[in-house]
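Visitor: Before anything else, here's the structure in question.
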Amino acid sequence: MNMKAALILSSALIAASAHADFIGATLEAGAFNPDSELTLQDDGSSPITNKSNMDGERGTYYGIAIEHPIPVIPNLRIQGTELVSKGTITTTYNGSSVNDAAAELDLSHTDYTLYYEFLDGIFWLHFDAGFTLRDYDGSVNIDSDITSLNAVVPMLYIAPSIAIPGTGLSFGAEIKNLSIGNNSITDTTLKVKWDSGFLFGIEAGTRSHDVVLDDIDGLDINSINDGAFVGIFLDF
63 MNMKAALILS SALIAASAHA DFIGATLEAG AFNPDSELTL QDDGSSPITN
113 KSNMDGERGT YYGIAIEHPI PVIPNLRIQG TELVSKGTIT TTYNGSSVND
163 AAAELDLSHT DYTLYYEFLD GIFWLHFDAG FTLRDYDGSV NIDSDITSLN
213 AVVPMLYIAP SIAIPGTGLS FGAEIKNLSI GNNSITDTTL KVKWDSGFLF
263 GIEAGTRSHD VVLDDIDGLD INSINDGAFV GIFLDF
């Protein structure tokens, strides 16, 4: 190895050692209470339809993100959402109302996301992208007739944002999406964040979580969950 190559390698190792200690973490938690709409239909050509407008009963979220300076290894983000809505669901037959029943929709889930930072503050722009494994631990409960919604699904993940210099404010989005055949899940978050500059910050925005599932225990399930959220975060 010649002297020039040795100097370059030494400089790279020194730089890598200097940056290896820069591991960051972000913690977040907050409340999300959307309005929910649930439509159920027997799989196939049945004329029986169940439809309800529901109110969020429990809607909380938490998250932790761990980032590091090693380019080839993705960063990790874990997020959990407890999302339970209750209401009355109306059964119709050929368009005519038949009866009403108590309904509970549980779409609680945990997301495990591996992502890369493709832009990290260049012209105040940030752009993350990767994959999410979403672990649903939920159910649909119609008058104690329970249909399980337990499943692990892969989703695409993108998260663009832009910071406003000198204000601590940033505006961003998080989009997670899956579409396979007649099944689709779209989870879109639009948020504004304010960073105090002393580890602590607040965030608020809107989230839309839409689920279309085909033939789950003989049911076609369509659920729309839209609402506002507010939370806090710690950035280390």
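Residue numbers (our numbering): 63 to 298.
Quick reminder that beta carbons are idealized off the backbone N, C-alpha and C, glycines included.
What's the C-alpha gap between D83 and W256?
Guide: For D83, the predicted structure reports a pLDDT of 47, less than 50, and the residue's modelled location is therefore unreliable. A value from the coordinates is still provided. D83 and W256: Cα-Cα distance of roughly 26 Å.
Visitor: Touching or not, the stretch 284–295 and the stretch 263–272, by the rule of three or more beta carbon pairs under 8 Å?
Guide: Inter-segment contact for the stretch 284–295 and the stretch 263–272 is present: three or more beta-carbon pairs are separated by less than 8 Å.
Visitor: According to DSSP, is W147 part of a helix, a strand, or is it coil?
Guide: Checking the displayed sequence, the identity of residue 147 turns out to be Ser instead of Trp. Note: S147 maps to strand in three-state DSSP.
Visitor: What are the partner residues of T175, as DSSP defines its beta bridges?
Guide: R139, T194
Visitor: Please work out which residues of its chain come closer than 8 Å, Cβ to Cβ, to F193, disregarding the five sequence neighbours upstream and downstream, and give them in chain order.
Guide: T175, L176, Y177, P216, M217, L218, Y219
Visitor: Tell me which same chain residues have a C-beta within less than 6 Å of the C-beta of S168, skipping the five on either side of it?
Guide: Here the sequence assigns Asp to residue 168, which means Ser is not the residue at that position. If we look at D168 and ignore the five residues flanking it on each side, its Cβ neighbours are V146, G200, S201.
Visitor: Check I85 in the structure and name its three-state DSSP category.
Guide: coil
Visitor: Cutting at 6 Å between CB atoms, please list the residues of its own chain near I128, excluding the five before and the five after it.
Guide: Excluding residues within five positions, the ones whose Cβ falls inside 6 Å are A87, L138.
Visitor: Looking at N244: is its Cβ nearer than 7 Å to the Cβ of D276?
Guide: yes
Visitor: Candidates E236, S210, T229: which alpha carbon is nearest P222's?
Guide: E236
Visitor: State the DSSP-derived secondary structure class of V134, mapped to helix, strand or coil.
Guide: coil
Visitor: Report the residue from S98, I132, L102 whose alpha carbon sits nearest the alpha carbon of R120.
Guide: S98
Visitor: Using only CA atoms, which one of R196, A164, S232 lies nearest to F185?
Guide: S232
Visitor: Which residue wins for smallest C-alpha separation from A165, given the options I140, G230, S114, G263?
Guide: Residue S114 holds the alpha-carbon nearest to the alpha-carbon of A165 among I140, G230, S114, G263.
Visitor: How should F295 be labelled, buried or exposed, when 16 other C-beta atoms within 10 angstroms of its C-beta is the threshold for buried?
Guide: buried
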